[in-house]
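Undergrad: Pasting a structure here, questions to come.
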Amino acid sequence: MMPMIKLIARDVSPRIRRTLLLGAGTVLLGGCTSILEVDNPNNVSAGALDVPTAASAIVNGAINTNANAMSSLLNAYNIISDETFQTGSRDDYRLLDTGGIEVNTNEYLQASYLIAMRARWMSEQAIAKVNKFKAEGTLLDQQLLVRAYMMGALIYDELANMFDDAAISDRTVAGKNLGEMGMVQLYDSALKWLDAGATIATGDNRADLLGLRARVKFDRAVWLKLNPPGTTPANPLINDAGANADAAAAIAAMAGDYRFDLLVDNSNSGDDASGGVGFEMNSRVEHTPDTAAFVTINLTNKKPTAIIAKDPVTGQLDAAAVKQLGRFIFADDINHPPMTVVSKREMYLILAEAALAQGNNAAFDTNINALRALDGKVPYTGTGPTRLQLLQWERRVQLIFQGRRLNDMYRFGIKDPRWVSTSVAVRKPGCLLPIPLLEREANREITGTPVCQ
Numbered sequence: 002m003m004p005m006i007k008l009i010a011r012d013v014s015p016r017i018r019r020t021l022l023l024g025a026g027t028v029l030l031g032g033c034t035s036i037l038e039v040d041n042p043n044n045v046s047a048g049a050l051d052v053p054t055a056a057s058a059i060v061n062g063a064i065n066t067n068a069n070a071m072s073s074l075l076n077a078y079n080i081i082s083d084e085t086f087q088t089g090s091r092d093d094y095r096l097l098d099t100g101g102i103e104v105n106t107n108e109y110l111q112a113s114y115l116i117a118m119r120a121r122w123m124s125e126q127a128i129a130k131v132n133k134f135k136a137e138g139t140l141l142d143q144q145l146l147v148r149a150y151m152m153g154a155l156i157y158d159e160l161a162n163m164f165d166d167a168a169i170s171d172r173t174v175a176g177k178n179l180g181e182m183g184m185v186q187l188y189d190s191a192l193k194w195l196d197a198g199a200t201i202a203t204g205d206n207r208a209d210l211l212g213l214r215a216r217v218k219f220d221r222a223v224w225l226k227l228n229p230p231g232t233t234p235a236n237p238l239i240n241d242a243g244a245n246a247d248a249a250a251a252i253a254a255m256a257g258d259y260r261f262d263l264l265v266d267n268s269n270s271g272d273d274a275s276g277g278v279g280f281e282m283n284s285r286v287e288h289t290p291d292t293a294a295f296v297t298i299n300l301t302n303k304k305p306t307a308i309i310a311k312d313p314v315t316g317q318l319d320a321a322a323v324k325q326l327g328r329f330i331f332a333d334d335i336n337h338p339p340m341t342v343v344s345k346r347e348m349y350l351i352l353a354e355a356a357l358a359q360g361n362n363a364a365f366d367t368n369i370n371a372l373r374a375l376d377g378k379v380p381y382t383g384t385g386p387t388r389l390q391l392l393q394w395e396r397r398v399q400l401i402f403q404g405r406r407l408n409d410m411y412r413f414g415i416k417d418p419r420w421v422s423t424s425v426a427v428r429k430p431g432c433l434l435p436i437p438l439l440e441r442e443a444n445r446e447i448t449g450t451p452v453c454q
């Protein structure tokens, strides 16, 4: 059976519309008495978004900005972990690669934060406006509201997973920061949206939503293990009843090797500092996958040449690594690789870890082997790596470039060899990216001194 791949990325019509408008603008220009007497056909009033027929465009806008944010965030995040290492010359990449994540002037931090906050605001607006249409009985397709809920939940989850603090503002109206220990509220808000969406979600949207809700519940449990930051948890394993139930339900709703991806294109992949994660990794090669665990590279241009990751069970080439890395670094469009939000693979990992936390080896083996079967890998029978070692490896390859690795490193006590001994990443496990300086200077509502310094 061919894998079922769910791609939600962006409405391509804006790109077509821009092309048409360029031609129209050229024609109109010849008839003007002044080059300044030109109406901008791209101007859309706020009132135009208050009609039910705008619901699809509103939700597409939230999806578009979420994809943009994910590309920007992963570019800054991947290199902090041991997934990639610096191969270019930009000093701010070096800081991230060596564990200096507390520097709030880092250009990649600042750029990704701004894009993420734009996606947050767009998602919140989509939820509010489409909910209003539903309440008025004018929403023609309730699945649009489901997608809006998912986009809000996704960006909130990513912010909580990647940042130590965040300020919730409304465009030019400054908002207070949540504070390090208040970031858990983002998971709680995400779950409220997903709970609401679960009552109306159908088809693939239901599978996507259940998977995302399992992920958010799991991520929240990881966050609780690591906060306040500074120590490696004695018991790093997650066994969350809600995450387990949603993961099991999601698996039942997901056919084949199911995944829910976001895509970007040239119109929404970059930020003020980079061209997005695909361009920076695969074309410009400012950072590239780890050569100790994953790939060989061309020593001249530093681009990956082959995937070499070994399955710890057999010692042979890991078919999952070949698939998961390959679809990103060797994508058909290397500048815009697919970015996985949730997958059937992750659901099996959640259930396998819960079983291991319970000491249920049989259930662990059942779920880990269901995962391994997706790539035709040899079943695990308890010999070779320990179950904990195998769980860590499978999470590393199955979730690569998905924004999970750094928190896994922290909770399992793993240090990137490139982190310098005095870095925050070494000294204070659990520390993430700070509110950037440009936000602190612009937003006088932000208070407190960051814990992670």
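Under my numbering, the first residue of the sequence shown is numbered 2, with each subsequent residue one higher.
A virtual CB, placed ideally from N, CA and C, is assigned to each residue, including glycine.
Go through its chain and collect everything with a Cβ distance to Glu181's Cβ below 6 Å, but skip five positions before and after it.
TA: The residues are Asp165, Asp166 and Val452.
Undergrad: Closest to Ala254 by CA distance: which of Phe413, Ala208 and Glu446 is it?
TA: Here the closest residue by C-alpha is Ala208.
Undergrad: Does Lys311 come out as helix, strand or coil in the three-state DSSP assignment?
TA: DSSP places Lys311 in strand when its eight states are reduced to three.
Undergrad: Would you list the residues sitting across from Val104 in a DSSP beta bridge?
TA: Note: Val104 sits in no beta bridge, so no partner.
Undergrad: Given that a residue counts as buried once 16 or more other Cβ atoms are within 10 Å of its Cβ, and exposed if not, what is Pro437?
TA: Buried, since its Cβ has 16 or more Cβ neighbours within 10 Å.
Undergrad: In this structure, does DSSP put Val217 in helix, strand or coil?
TA: In the structure shown, Val217 sits in a helix (DSSP, three-state: H, G or I).
Undergrad: According to DSSP, Asn178 sits in a beta bridge with which residue or residues?
TA: BP columns for Asn178 point to Ala168.
Undergrad: Confirm, please, whether the CB-CB distance from Asp417 to Asp83 is below 7 Å.
TA: The answer is yes: Cβ separation under 7 Å.
Undergrad: Assuming Val425 and Ile81 are in contact, meaning their beta carbons sit under 8 Å apart, how far apart are those beta carbons, in whole angstroms?
TA: That belief does not hold up - the Cβ atoms of Val425 and Ile81 are roughly 10 Å apart, past 8 Å.
Undergrad: Let me know the secondary structure DSSP gives Gly26 once reduced to three states.
TA: Note that Gly26 has pLDDT 34, beneath the 50 cutoff, so the model's placement of it is unreliable and the number below is only indicative. Correct three-state label for Gly26: helix.
Undergrad: So what's Leu211 in DSSP terms, helix, strand or just coil?
TA: Here Leu211 sits in helix by DSSP.
Undergrad: For Ile132 and Leu146, which I take to be in contact (beta-carbon distance under 8 Å), what is that distance rounded to the nearest angstrom?
TA: Looking at the sequence itself, residue 132 is Asn, so the reference to Ile does not match. Contact flag correct, Cβ pair sits at about 6 Å.
Undergrad: Along the chain, which unbroken stretches of the alpha helix (DSSP H) at least 4 residues long are found entirely within the segment 353-425?
TA: Listed in chain order, the complete alpha helix (DSSP H) runs (minimum 4 residues) inside the segment 353-425 are 362-374, 388-399 and 406-413.
Undergrad: Can you check whether the CB of Met151 is closer than 7 Å to the CB of Met340?
TA: Not in contact: Met340 and Met151 (Cβ atoms no closer than 7 Å).
Undergrad: Should Gly404 be labelled buried (16 or more other beta-carbon atoms within 10 Å of its own) or exposed?
TA: Buried: at least 16 other Cβ atoms inside 10 Å.
Undergrad: Over the uninterrupted alpha helix (DSSP H) stretch that includes Ile64, give me the two end residues.
TA: Counting along the chain, the alpha helix (DSSP H) containing Ile64 begins and ends at Ala56 to Asn79.
Undergrad: Does the segment 253-272 come within contact of the segment 366-374, defined as at least 3 CB pairs closer than 8 Å?
TA: Touching, no.
Undergrad: Could you spell out the range, first to last residue, of the beta strand (DSSP E) harbouring Ile298?
TA: Where Ile298 is concerned, the enclosing beta strand (DSSP E) stretches over Val296 to Ile298.
Undergrad: Starting from Gln144, trace the alpha helix (DSSP H) both ways and give me its first and last residue.
TA: That run of the alpha helix (DSSP H) goes Gln144 to Met163.
Undergrad: Under the rule that 16 or more other beta-carbon atoms within 10 Å means buried, what is Val217, buried or exposed?
TA: Val217 is buried by the Cβ-count criterion.
Undergrad: In whole angstroms, what is the alpha-carbon distance linking Ile309 and Ile128?
TA: Distance between the alpha carbons of Ile309 and Ile128: 44 Å.
Undergrad: Along the chain, where does the beta strand (DSSP E) that runs through Phe86 open and close?
TA: Counting along the chain, the beta strand (DSSP E) containing Phe86 begins and ends at Thr85 to Gln87.
Undergrad: Who are Thr289's beta bridge partners in DSSP?
TA: Partner(s): Phe86.
Undergrad: Please confirm if the segment 290-302 is in contact with the segment 318-333, defined as three or more CB-CB distances below 8 Å between the two stretches.
TA: Touching, yes.
Undergrad: From Asn283 to Lys304, what does the alpha carbon distance come to, in whole angstroms?
TA: Roughly 7 Å between the two C-alpha positions.
Undergrad: Do Gly48 and Met123 have their CB atoms nearer than 7 Å?
TA: Not closer than 7 Å, so no.
Undergrad: Taking DSSP's pairing of strands, which residues face Leu318 in a bridge?
TA: DSSP, once it has assigned bridges, lists Lys311 as partnering Leu318.
Undergrad: Which residues does DSSP pair with Pro305 in a beta bridge?
TA: DSSP lists Ile298 as partners of Pro305.
Undergrad: What are the start and end residues of the alpha helix (DSSP H) that includes Gly431?
TA: No alpha helix (DSSP H) contains Gly431, which DSSP labels as neither H nor E.
Undergrad: Considering only the alpha carbon of each residue, which of Arg419, Thr232 and Gly153 lies closest to Lys193?
TA: Per the Cα distances, Gly153.
Undergrad: Return helix, strand or coil for Pro53, following the three-state DSSP convention.
TA: Helix.
Undergrad: Quick one: is Val425 near chain D, going by C-beta distance under 7 Å?
TA: Judged by its chain identifiers, the structure shown contains no chain D, having just a single protein chain.
Undergrad: Could you say which of Thr106, Asn228, Asp205 and Ser73 lies nearest to Tyr411 if we only look at CA atoms?
TA: Checking every option, the nearest Cα to that of Tyr411 belongs to Asn228.
Undergrad: Would you say Tyr109 and Asp98 are within 7 Å of each other, going by their C-beta atoms?
TA: Their beta carbons are not under 7 Å apart, which means Tyr109 does not touch Asp98 by this criterion.
Undergrad: Can you tell which of Ala322, Gly271, Ile351 and Asn105 has the C-alpha that lies nearest to the C-alpha of Val398?
TA: Considering only alpha carbons, the answer is Ala322.
Undergrad: Please say whether Val60 and Arg172 have beta carbons closer to each other than 7 Å?
TA: Their beta carbons are not under 7 Å apart, which means Arg172 does not touch Val60 by this criterion.
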